[in-house]
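Asks:
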Amino acid sequence: EDAGPEFTVEYRARNRVLNVTLTKPLKAYSTVEVTLSEGSLATDGAALVPHELRFSTGGS
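Here the numbering used here runs 3 ahead of the position in the sequence shown, where the first position is 1.
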């Protein structure tokens, strides 16, 4: 199974932003799925409600 694209992650505590940067462009005409799972915690220690984002890339 494809492990997916490589990426780096940066958390900016000041404004509570998680920045995910891909190391290479995504492949054309592919489907990308991002999963935020249990075990992720908010700054106050509250558990993140699991969430999934799925999108497809174009060809140009």
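All residues carry an ideal CB built from backbone N, CA and C; glycine is no exception.
Excluding five sequence neighbours on each side, which residues of the same chain lie with their C-beta closer than 7 Å to the C-beta of Leu51?
Replies: Residue mapping note: residue 51 aligns to position 48 of the sequence shown, counting from 1. Within the same chain, Leu51 has close Cβ partners Leu39, Ser43, Leu44 and Ala45.
Asks: What does a CB cutoff of less than 6 Å around Glu36 pick up in its chain, not counting 5 residues either side in sequence?
Replies: One-based indexing of the sequence shown puts residue 36 at position 33. Closer than 6 Å at Cβ, skipping near neighbours: Arg57.
Asks: Note down the Cα distance separating Leu25 from Thr11, rounded to an integer number of angstroms.
Replies: The residue you call residue 25 lines up with position 22 of the sequence shown. The residue you call residue 11 lines up with position 8 of the sequence shown. Spanning the two alpha carbons is a distance of roughly 7 Å.
Asks: Below 8 Å on the Cβ atoms is my guess for Lys27 versus Glu9; work out the distance and round it to an integer in Å.
Replies: In the sequence shown, counting from the first residue as 1, residue 27 sits at position 24. In the sequence shown, counting from the first residue as 1, residue 9 sits at position 6. Rounded, the Cβ-Cβ distance is 7 Å, consistent with contact.
Asks: Could you give the distance in angstroms between the alpha-carbon of Asn18 and the alpha-carbon of Glu41?
Replies: For the purposes of this step, residue 18 is taken as residue 15 along the sequence shown, with counting starting at 1. For the purposes of this step, residue 41 is taken as residue 38 along the sequence shown, with counting starting at 1. When rounded, the distance between both Cα atoms is 22 Å.
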